[in-house]
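FYI, the numbering for the sequence shown is 12 to 814, going by our numbering.
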Amino acid sequence: MSPPLHGVRVLDFGQYVAGPAVALLLADLGAEVIRIDPPGGPRWDSPAAAALNSGKKSIVLDLTDPADAATARRLVATADVVVENFRPGVMARFGLGPEDTLALNPRVIHLSMPGFSATDPRAGLPAWEGIVLAATGGFTDMGLNRILMGVDPSYTPLPLASAYAAALGALSVATGLVARRRTGRGDAFEVPLAEAVLEGLAFNSLAVSGLPPRYLSLREHEIARRRAAGEPMDLTYERLQELLDPFYRSYPCQDGRLFYHCCPAHRTHAIRSLKVLGLWETVRAEGIPTFDPYLSTDHWPEDADCTLLAYPLSEHWTQRLSKLIAEAFLRHPAEEWERRFDAAGIPGAAHRSTLEWLRSEHPRAAGLLATVDDPVHGELTVPGPVVWTEETKPGRRPAPAPDADRAAILADLPGEPSPVAPAATPGGLPLDGVRILDLTNVIAGPMIGATLARFGAEVIKIDPPTPGFDPYHAVVIGTHAQRGKRSVLADLRTPAGRDVLDRLLPTVDVVTFNGSERQLGALGLDPERLRSMRPEIVLVRVDAYGGPGEGPRSHAAGYDDNVQACTGIMTRFGGGPDTPEEHAHLGTIDALAGFCGAFAVVAALAGRGEQAPVMRTSLTAAGQLLQIPFLYDGAGRDDLREPSGREVLGEHPGYHCYQAADGWFFLAGPAGAAQERFQEHTIEEWAELLGPRGVAVHRIEHIADLRARGLVRESAGPVPLRDSAVFVRHDRHPSGREVDLIAPQAVRPRNARVRMPSDAPRYGAHTREVLAELGFTPAEIDAMAADGSIADSWTADHGYLPT
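Next comes the structure, spelled out in structure tokens:
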């Protein structure tokens with residue numbers, strides 16, 4: 012079986028991370044990628060750049076030279092895809108802007124990835140990663156810990172904007188290829204990095220009005236108390252640990268290494284964890300509450316102040332359990348606990364630095380890493396694919412030397428193409444008619460369907476009648492992750508539930524699932540059975556630690572935070588192995604993995620043959636992309652400086668956060684000065700002074716301020732999806748509350764349409780409707796409800812969110 016993008020030719024004009032990463036994602040699914048560099052080769056002189064250019068062909072062209080620009084245009088005439096990540100208008104100066112390429116080749120998909128949209132007043136600003144993050148809250152909204160410690164701004168060296176944009180850019184290309192099969196025409200897509208990172212950090216900006224106190228953690232209560240009392244946010248790291256949920260924090264082990272214990276909010280994980288730690292009988296005897304987390308507080312048992320089955324725990328149980336768990340972890344080394352947790356199916360991970368991760372057993376065995384003989388850097392360990400198929404697992408070839416393939420590339424080029432007037436392309440939703448069965452949970456998996464709903468896909472979400480996760484993670488977080496779907500509650504392990512599944516599967520084009528192969532097989536969803544029912548059905552599976560190969564942790568359970576812990580993100584962000592911190596509030600990796608899963612779906616649809624492949628991605632593969640500047644090993648890697656810790660404000664004086672007279676700003680360019688001098692003038696004054704010298708300056712924004720400026724009410728009419736930093740107040744939400752969410756604005760096709768997805772429904776709201784569509788009679792549906800095989804709500808009162 013050929014990979015889904017076999018036969019697709021991509022021209023990669025990109026530099027640094029975003030553009031080259033898109034082209035690599037496409038190459039890993041079979042596309043031929045021709046990298047076009049300026050004289051001197053890639054502008055990013057790093058082994059990480061070599062990792063991003065693995066397996067591509069290379070030609071060097073000076074686009075300022077008319078002859079080389081003409082050669083580039085001849086290449087465009089042979090291409091299916093053009094990828095570039097320059098400021099708006101830059102490629103047009105060489106006759107290679109979106110209008111130009113579509114005139115040269117009306118079937119081409121042109122992807123532009125500027126820092127700021129062509130319609131944004133900041134379009135001409137040099138959009139370094141730090142500038143984009145400053146503009147979008149990336150240096151201020153980095154989690155509750157940083158707020159309580161008063162760390163503002165809070166620098167991160169991760170290329171968040173580029174990574175999210177790369178996944179959404181690859182998705183855009185695949186969407187364009189699918190639409191082209193119907194229309195016969197290409198399209199131009201714009202994916203601004205600023206909009207991509209706002210979507211990637213969507214869970215940092217999510218707000219639900221009147222959220223009951225039961226959903227607020229001890230940290231949130233402490234933030235509110237300090238603000239009300241006018242007290243400073245000056246908590247020490249050590250004092251902060253006392254406010255962390257016992258199932259959402261790090262513990263020292265016998266060998267001194269920390270273990271990240273992240274298994275809250277699940278119906279069985281916390282109990283299983285306490286059993287593995289030898290504590291369950293003790294805490295059960297002490298009366299720890301384990302009642303149904305979907306009960307409203309007025310139905311809680313007398314004197315209960317929380318339940319073990321929901322996040323967060325009360326102050327009393329937080330203190331008691333944290334003490335007991337801390338003592339228990341001291342009995343074994345961290346990696347021994349990791350093995351025990353993995354064997355018991357409980358999320359958890361030993362903390363590691365990125366270098367330790369690169370030199371550990373699992374990523375190498377699992378194919379998450381590969382070793383290549385790079386022509387410049389010698390033997391180099393680089394990341395494996397982020398998205399792959401189980402049938403055609405890609406290898407890793409080194410990046411080519413600049414201009415290495417010039418002769419072969421030029422040998423069969425046509426003459427100078429003649430531009431044609433672009434024909435009107437029928438507008439429409441690219442995935443109209445595509446039906447997705449969503450069998451995922453939490454964040455990463457559900458984000459696949461939620462992302463694809465904007466393109467017209469119909470998504471049917473099935474969850475069990477008895478929820479596995481608590482109301483905060485399933486319902487509150489689900490206000491974003493479950494948008495654009497219909498919701499069914501059915502127990503797929505029962506004969507009646509299996510009948511529902513068997514009737515539904517022949518009607519769908521895609522099945523999304525996050526979990527292990529064992530869990531997939533238990534539901535009768537192994538690829539062979541799916542293909543026997545419908546050969547062209549696409550199965551996309553997301554897990555925590557999976558790769559193209561088999562490693563010791565390939566089947567281990569895990570969340571975003573566990574992957575952050577074991578791959579080095581937390582160690583870097585916190586400043587060292589003894590003070591790790593979660594990076595951002597929620598979904599740093601989850602959202603990226605969801606975008607990658609969405610790309611996997613549409614890439615499979617774009618290459619659809621008689622038999623569809625099984626598409627794969629994982630949280631770990633996505634987490635490695637997020638760390639690409641540091642995710643390599645080879646000569647000199649031990650000396651690589653990784654900006655880390657709470658005090659760091661940048662990479663060097665010319666790439667740094669500074670305080671001006673009226674607030675903090677980020678500076679990027681060949682300049683730098685003492686912070687005291689920058690305080691003499693306002694940010695606007697520094698921008699006017701330094702801009703002509705090629706130095707970019709941008710105020711460091713807070714998401715709350717961005718939301719206040721960009722908020723539109725859903726009831727006011729169509730949402731302006733091509734504006735910048737648009738947030739939507741869903742004031743007719745089925746929860747009965749106002750819900751503020753980022754608009755789906757990062758992917759901007761010129762011809763195709765995108766739409767606002769519908770609000771996330773109450774779980775089970777469409778059970779009877781969907782079953783009736785499948786041919787079940789009212790009497791059969793009533794019988795299934797009576798025996799618990801199906802349900803139409805998780806709460807007794809059919810409410811959206813337990814109060």
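Virtual Cβ for every residue (Gly too), placed ideally from N, Cα, C.
- Query: Under the DSSP definition of a beta bridge, which residues are partnered with ALA262?
  - Reply: Along the sequence shown, read from residue 1 onward, the residue named residue 262 stands at position 251. For the sequence presented, residue 262 should be read as Tyr rather than Ala. PHE270.
- Message: How far does the alpha helix (DSSP H) with ARG627 in it extend, from its first residue to its last?
- Response: Here the question's residue 627 lines up with position 616 in the sequence shown. Per DSSP, ARG627 belongs to no alpha helix (DSSP H); it is in the beta strand (DSSP E), 625-629.
- Query: Identify the residues that DSSP records as bridge partners of ASN525: which are they?
  - Reply: For the purposes of this step, residue 525 is taken as residue 514 along the sequence shown, with counting starting at 1. DSSP, once it has assigned bridges, lists VAL553 as partnering ASN525.
- Task: Using 10 angstroms around the beta-carbon of ARG552, count the other beta-carbons present and answer buried if the total reaches 16, otherwise exposed.
- Result: Here the question's residue 552 lines up with position 541 in the sequence shown. For ARG552, the number of other beta carbons within 10 angstroms of its own is at least 16, and it is reported as buried.
- ASP673: which of MET244, ILE711 and PRO654 sits nearest, CA to CA? Taking the sequence shown and counting its residues from 1, one reaches residue 673 at position 662. Measuring C-alpha to C-alpha distances from ASP673 to each of MET244, ILE711 and PRO654 identifies ILE711 as the nearest.
- Message: Measuring only the C-alpha atoms, how far is LEU366 from ARG761?
- Response: On the sequence shown, residue 366 is found 355 positions in, with the first residue counted as 1. On the sequence shown, residue 761 is found 750 positions in, with the first residue counted as 1. Here the alpha carbon of LEU366 sits roughly 43 angstroms from the alpha carbon of ARG761.
- Item | Whole-angstrom distance between ALA501 and ALA783, CA atom to CA atom | Sequence index remark: in the sequence shown, residue 783 carries index 772 (1-based). Sequence index remark: in the sequence shown, residue 501 carries index 490 (1-based). Rounded to the nearest angstrom, the gap between the Cα atoms of ALA783 and ALA501 is 14 angstroms.
- Message: Taking the straight line between their C-alpha atoms, what separation do you get for GLU469 and GLY661?
- Response: By 1-based counting over the sequence shown, the position of residue 469 is 458. By 1-based counting over the sequence shown, the position of residue 661 is 650. For GLU469 and GLY661, the distance between alpha carbons rounds to 44 angstroms.
- Item | CB contact flag (ALA604, ALA455, <9 angstroms) | Taking the first residue of the sequence shown as 1, we reach residue 604 at position 593. Taking the first residue of the sequence shown as 1, we reach residue 455 at position 444. Their beta carbons are under 9 angstroms apart, which means ALA604 touches ALA455 by this criterion.
- Hey, how far is the Cα of TYR27 from the Cα of LEU516? Mapped onto the sequence shown, residue 27 falls at position 16. Mapped onto the sequence shown, residue 516 falls at position 505. Approximately 42 angstroms between the Cα atoms of the pair.
- Message: For HIS692 and GLY702, I'd like the C-alpha separation in whole angstroms.
- Response: The residue labelled residue 692 in the question sits at position 681 within the sequence shown. The residue labelled residue 702 in the question sits at position 691 within the sequence shown. Our two residues, HIS692 and GLY702, have alpha carbons roughly 15 angstroms apart in a direct line.
- Please report the residue range of the alpha helix (DSSP H) in which THR721 lies. Residue numbering aside, residue 721 sits at position 710 when the sequence shown is read from its first letter. The question names Thr, but residue 721 is Gly in the sequence shown. For GLY721, the uninterrupted alpha helix (DSSP H) run begins and ends at 714-721, by DSSP.
- Item | Opening and closing residue of the beta strand (DSSP E) in which LYS472 lies | Start at 1 with the first residue of the sequence shown, and residue 472 comes out as number 461. 469-474 is the span of the beta strand (DSSP E), which, as asked, contains LYS472.
- Message: If contacts are defined as beta-carbon pairs under 8 angstroms, then ASN525 and PRO358 qualify, I think. What distance do you get, rounded to the angstrom?
- Response: Mapped onto the sequence shown, residue 525 falls at position 514. Mapped onto the sequence shown, residue 358 falls at position 347. Cβ atoms of ASN525 and PRO358 stay farther apart than 8 angstroms, at about 13 angstroms.
- What is the DSSP secondary structure of THR194, reduced to helix, strand or coil? In the sequence shown, counting from the first residue as 1, residue 194 sits at position 183. Secondary structure at THR194: helix, using DSSP grouped into helix, strand and coil.
- Contacting residues, own chain, Cβ-Cβ under 6 angstroms from GLY634 (five flanking each side not counted): Taking the sequence shown and counting its residues from 1, one reaches residue 634 at position 623. Cβ neighbours of GLY634 beyond the five flanking positions: VAL574, THR578 and ILE600.
- Message: Under 8 angstroms: does the beta carbon of ASP198 sit that close to some heavy atom of the ligand GDP?
- Response: Ligands are entirely absent from the displayed structure, and the ligand GDP is therefore not among its contents.
- For the alpha helix (DSSP H) holding CYS317, just list the boundary residues, first then last. Here residue 317 is taken as the residue at index 306 of the sequence shown, counted from 1. No alpha helix (DSSP H) holds CYS317; DSSP gives it neither H nor E.
- Query: Who does LEU399 pair with in a DSSP beta bridge?
  - Reply: Translated into positions along the sequence shown, residue 399 becomes position 388. Correcting the residue type first, residue 399 is Trp in the shown sequence and not Leu. According to DSSP, TRP399 bridges with ARG627.
- For GLY389, I'd like the list of residues in its chain whose CB is within less than 8 angstroms of its CB, leaving aside the five on either flank, ordered along the chain. For the purposes of this step, residue 389 is identified with residue 378 of the sequence shown, where counting begins at 1. Residues of the same chain with a CB within less than 8 angstroms of the CB of GLY389, apart from the 5 flanking positions on each side, are GLY645 and ALA646 in chain order.
- Buried or exposed: where does LYS334 fall if 16 or more other Cβ atoms within 10 Å of its Cβ makes it buried? One-based indexing of the sequence shown puts residue 334 at position 323. If you draw a 10 Å sphere on the C-beta of LYS334, you find fewer than 16 other C-beta atoms in it, and that means exposed.
- Return yes when the Cβ of ALA757 is within less than 9 angstroms of the Cβ of GLU210, no when it is not. Taking the sequence shown and counting its residues from 1, one reaches residue 210 at position 199. Taking the sequence shown and counting its residues from 1, one reaches residue 757 at position 746. Using a Cβ distance threshold of 9 angstroms, GLU210 and ALA757 count as a contacting pair.
- Query: Does the region 125-138 come close enough to the region 83-102 to have 3 or more Cβ pairs within less than 8 angstroms?
  - Reply: Segments in contact, yes.
- Per DSSP, ASP537 forms a beta bridge with which residues? The residue given as residue 537 occupies position 526 in the sequence shown. According to DSSP, ASP537 bridges with nothing at all.
- Task: Flag TRP805 as yes if its beta-carbon sits less than 9 angstroms from any beta-carbon of chain B, otherwise no.
- Result: Any reference to chain B falls outside this structure, which holds one protein chain only.
- Would the region 37-51 and the region 106-119 be scored as touching if the rule is three or more Cβ pairs under 8 angstroms? Judged by Cβ distances under 8 angstroms, the region 37-51 makes no contact with the region 106-119, as fewer than three pairs qualify.
- In the DSSP assignment, find the beta strand (DSSP E) that holds GLN670 and state where it starts and stops. Here residue 670 refers to the residue found at position 659 of the sequence shown. 666-671 is the span of the beta strand (DSSP E), which, as asked, contains GLN670.
- Count the other CB atoms within 10 Å of the CB of ALA78; is the residue buried (16 or more) or exposed (fewer)? Counting from one through the sequence shown, the residue named residue 78 turns up at place 67. ALA78 comes out exposed.
- C-beta atoms of TYR305 and PHE258 nearer than 9 angstroms: In the sequence shown, the residue the question calls residue 305 occupies position 294. In the sequence shown, the residue the question calls residue 258 occupies position 247. No; because the gap between Cβ atoms is not below 9 angstroms, this pair is not in contact.
- Item | 9 angstroms Cβ cutoff met for LEU254 and LEU229 | In the sequence shown, counting from the first residue as 1, residue 254 sits at position 243. In the sequence shown, counting from the first residue as 1, residue 229 sits at position 218. In this structure, LEU229 lies closer than 9 angstroms to LEU254 by Cβ.
- Is PRO344 helix, strand or coil when you go by DSSP? In the sequence shown, the residue the question calls residue 344 occupies position 333. Three-state DSSP puts PRO344 in coil, outside helix and strand.
- Helix, strand or coil at VAL202 [DSSP, three-state]: Within the sequence shown, the letter at position 191 stands for residue 202. VAL202: coil per DSSP, three-state reduction.
- The alpha helix (DSSP H) spanning GLU696 covers which residue range? Here residue 696 corresponds to residue number 685 of the sequence shown, with the count starting at 1. 694-701 is the span of the alpha helix (DSSP H), which, as asked, contains GLU696.
- Item | 6 angstroms CB neighbourhood of ALA34 in its chain, flanking five on each side removed | Within the sequence shown, numbered from 1, the residue matching residue 34 stands at position 23. The residues are VAL21, ASP23, VAL44 and VAL94.
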